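Peer 1: After the structure tokens below, expect a handful of questions from me.
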Amino acid sequence: GKPFPERKGWSTVNTGTSVQKGLKGYRSSTGMNRTRGIAVEQKTNYGTIVFSQDLAGENKNEKRNYYRGAWQYNNASTLIGTVIASKTQSIYGSFDYGNISPGGEISFGVGSPSIIFGLNFRIRPFKYIIQYRDIHDKSIGKMGNPMVEWRGSDLSEKGLFQGAYIRTGKTRLMIYADMFQHYTREINGYELGIRTETKIQKHKIVFQVKTEKKDETNDVIYAPLVMPTLRKKDGIKLEHQYEKKTWRTQVKYQFIRTGEIEIHHSHGLDLRFQIYGKYYQLELDWMGAEVDHFDSRVYFWDVNLPGEMLTRMLAHSSHSQGIKVLFDVSNESKLGVKLRFNYSALSFSSPIDIMGGLFIKVAL
């Protein structure tokens, strides 16, 4: 199962912290682990039982077989379940009680258990979310991709996330704040974001501000001094969308500022045009950025085929063009192809790297 959002931020404020209903399998085209495997699901009067085997890992040297068994039961207001793997076991659940929806998960493995608990409170048009996490790398297991600050082998933290949402007229306002502390690396930090979305007829305007700050200990020291360092990052995003029945345009601008003593700036721009035909979809994209330093790198969404959620990182001054075509062949059968042209600099005469992807879905 996937009880909690995998990202902290605007999507979390929108969706809340309650457990998602339904055991969801991994797509073979996922952009994270390239998971492959099989699963068997059986629905009974006492809940849904799932057994799965897959090959997962973030690189080829870490690939291994994972065997999991899971049980989940839900009704109109309650959801409970458990996941049993080779080295970890977890129990999760959520409950809807009027305007309040608590949810949580505890995972057991080696050492201290990992715990996540969240509460979602709604009184239209207002929503408030709070989630506490206490996560240890040896007991995290296959918990539902909780929103965390660190990933992989660095995952060992506790934190408190809060978010609020309110809608007034044609504008939606979202605010979130996250405070976190790494258990072993003695790092403290916070993240704060504010976002507004305004719809005026066929126009949508987005304004977003986010700031992040971490403190950590520099490994390079001059005895007897240990110099603490600060990592600070501020970002501003502006976006305009215009949508008709058969086409849509998007313009996105980003400004990134990093550092406190040595300051770095970056500017990024993304232009996107989409056409929706009766039997096809066409997407054209151009993105470019003037990047001062790797720490102030810029990210934009890639042109994604179904099942993908990939972003493009612009770590130095460069630009890129993308194209995607998706055809409805027949019934639920689809055929898709994408190409991406990455230039190593802002000039069209700079060296180019061409990438592509193919998507085939056959319904029998």
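Using the numbering used here, count along the sequence shown one by one with no gaps and you end on 425. Yeah, the Cβ is synthetic: ideal placement off N, Cα and C, and Gly gets one too. None of the values given here were measured: they were computed from a predicted structure.
#1: Ordered along the chain, which non-local residues of its own chain (more than five positions away) have a Cβ less than 7 angstroms from that of residue 458?
#2: Which runs of the beta strand (DSSP E) fall wholly inside the stretch 210-250 and span at least 3 residues, in chain order?
#3: Using C-beta distances below 6 angstroms, list every residue in its chain close to residue 253, excluding the 5 sequence neighbours before and after it, in chain order.
#4: Is DSSP giving residue 89 helix, strand or coil here?
#5: Any idea which residues DSSP pairs residue 112 with across the strands?
#6: When DSSP labels each residue in this structure, what does residue 419 get in the three-state scheme?
#7: Quick check on DSSP: helix, strand or coil for residue 355?
#8: Going along the chain, which residues of its own chain have a beta-carbon closer than 6 angstroms to the beta-carbon of residue 424, five neighbours each way excluded?
#9: In the structure shown, what three-state DSSP assignment does residue 307 receive?
#10: Who are the near neighbours of residue 283 in its chain, counting only those whose CB is closer than 6 angstroms to its CB and skipping five residues on each side?
#11: Please report the distance separating the alpha-carbon of residue 235 from that of residue 260.
#12: So, is residue 155 buried or exposed, given that buried needs 16 or more other C-beta atoms within 10 angstroms?
#13: Work out the CA separation of residue 151 and residue 141 for me, nearest whole Å.
#14: Note down, in chain order, each residue of its chain lying with its Cβ closer than 8 angstroms to the Cβ of residue 308, except the 5 sequence neighbours on either side.
#15: Could you tell me the alpha carbon to alpha carbon distance between residue 385 and residue 232, rounded to whole angstroms?
#16: Going straight from the alpha carbon of residue 339 to that of residue 105, what length do you get?
#17: State yes or no: is the C-beta of residue 316 within less than 8 angstroms of the C-beta of residue 325?
#18: What are the boundary residues of the beta strand (DSSP E) that residue 409 is part of?
#19: Should residue 295 and residue 313 be called a contact, given that it needs their Cβ atoms to be closer than 8 angstroms?
#20: For the beta strand (DSSP E) containing residue 195, list its first residue and its last residue.
#21: Please name the residue, chosen from 302, 241 and 243, that lies closest to residue 265 on a Cα-to-Cα basis.
#22: Roughly how many angstroms separate the alpha carbons of residue 304 and residue 226, rounded to a whole number?
#23: If you run the structure through DSSP and keep just helix, strand and coil, what is residue 374?
#24: Pick helix, strand or coil for residue 266, following the three-state DSSP scheme.
#25: Between the Cα of residue 244 and those of 411, 219 and 359, spot the shortest distance and give me the residue it belongs to.
#26: One question on the structure: do residue 417 and residue 400 come within less than 8 angstroms of each other, judged by their Cβ atoms?
#27: Does residue 185 pass the burial test, meaning 16 or more other C-beta atoms within 10 Å, or should it be called exposed?
#28: For residue 199, collect the residues of the same chain with a Cβ closer than 7 angstroms to its Cβ; drop the 5 residues on either side in sequence, then sort them by chain order.
Peer 2: Taking the structure as given:
#1: Any answer about residue 458 is impossible in this case: the structure gives the chain only from 62 up to 425.
#2: Listed in chain order, the complete beta strand (DSSP E) runs (minimum 3 residues) inside the stretch 210-250 are 218-229 and 232-243.
#3: Within the sequence shown, the letter at position 192 stands for residue 253. 238 and 272, listed in sequence order.
#4: Residue numbering aside, residue 89 sits at position 28 when the sequence shown is read from its first letter. Below a pLDDT of 50, predicted positions are generally treated as unreliable, and residue 89, at 34, falls in that range; the measurement from the model is reported next regardless. Residue state, collapsed to three classes: coil.
#5: Walking along the sequence shown from the start, residue 112 turns up at place 51. According to DSSP, residue 112 bridges with 101 and 130.
#6: Here residue 419 is taken as the residue at index 358 of the sequence shown, counted from 1. Three-state result, residue 419: strand.
#7: Residue numbering aside, residue 355 sits at position 294 when the sequence shown is read from its first letter. Secondary structure of residue 355 (DSSP, three-state): helix.
#8: Here residue 424 refers to the residue found at position 363 of the sequence shown. 392, 393 and 394.
#9: Along the sequence shown, read from residue 1 onward, the residue named residue 307 stands at position 246. In the structure shown, residue 307 sits in coil (DSSP, three-state: anything other than H, G, I, E or B).
#10: Residue 283 sits at position 222 when you count from the first residue of the sequence shown. Confidence at residue 283 is low in this model, with a pLDDT of 47, below 50, so the placement of that residue is unreliable and no value is reported for it.
#11: Position 174 of the sequence shown, counting from 1, holds the residue named residue 235. Position 199 of the sequence shown, counting from 1, holds the residue named residue 260. Their Cα atoms are separated by approximately 15 angstroms.
#12: Start at 1 with the first residue of the sequence shown, and residue 155 comes out as number 94. Label assigned to residue 155: buried.
#13: Translated into positions along the sequence shown, residue 141 becomes position 80. Translated into positions along the sequence shown, residue 151 becomes position 90. Between the C-alpha atoms of residue 141 and residue 151 there is a straight-line separation of about 11 angstroms.
#14: Indexing the sequence shown from 1 puts residue 308 at position 247. Excluding sequence neighbours, residue 308 sits near 334, 335, 336 and 337.
#15: The residue you call residue 385 lines up with position 324 of the sequence shown. The residue you call residue 232 lines up with position 171 of the sequence shown. Taking the CA atoms as reference points, residue 385 sits about 32 angstroms from residue 232.
#16: By one-based count along the sequence shown, residue 339 stands at place 278. By one-based count along the sequence shown, residue 105 stands at place 44. Each residue's Cα considered, the two are about 40 angstroms apart.
#17: Reading the sequence shown from its first residue, position 255 is the one you call residue 316. Reading the sequence shown from its first residue, position 264 is the one you call residue 325. It is not a contact, given that the beta carbons lie outside the stated cut-off.
#18: Position 348 of the sequence shown, counted from the first residue, corresponds to residue 409. Where residue 409 is concerned, there is no enclosing beta strand (DSSP E), given that its DSSP letter is neither H nor E.
#19: For the purposes of this step, residue 295 is identified with residue 234 of the sequence shown, where counting begins at 1. For the purposes of this step, residue 313 is identified with residue 252 of the sequence shown, where counting begins at 1. Not closer than 8 angstroms, so no.
#20: Translated into positions along the sequence shown, residue 195 becomes position 134. Under the DSSP assignment, residue 195 falls in the beta strand (DSSP E) whose first and last residues are 187-196.
#21: Numbered from its first residue, the sequence shown carries residue 265 at position 204. Among 302, 241 and 243, the Cα nearest to that of residue 265 is on 302.
#22: Counted from its first residue, the sequence shown places residue 304 at position 243. Counted from its first residue, the sequence shown places residue 226 at position 165. Each residue's alpha carbon lies about 24 angstroms from the other.
#23: Along the sequence shown, read from residue 1 onward, the residue named residue 374 stands at position 313. Annotated three-state conformation of residue 374 is strand, per DSSP.
#24: Counted from its first residue, the sequence shown places residue 266 at position 205. Residue 266 falls in the strand class under three-state DSSP.
#25: Counting from one through the sequence shown, the residue named residue 244 turns up at place 183. It is 219 whose Cα lies nearest to the Cα of residue 244.
#26: For the purposes of this step, residue 417 is taken as the residue at position 356 of the sequence shown. For the purposes of this step, residue 400 is taken as the residue at position 339 of the sequence shown. Going by C-beta atoms, residue 417 is nearer than 8 angstroms to residue 400.
#27: If you number the sequence shown from 1, residue 185 lands on position 124. Taking every protein chain shown into account, the CB of residue 185 has fewer than 16 other CB atoms within 10 angstroms, so this residue is exposed.
#28: Walking along the sequence shown from the start, residue 199 turns up at place 138. Excluding positions up to five away in sequence, the list reads 170, 171 and 172.
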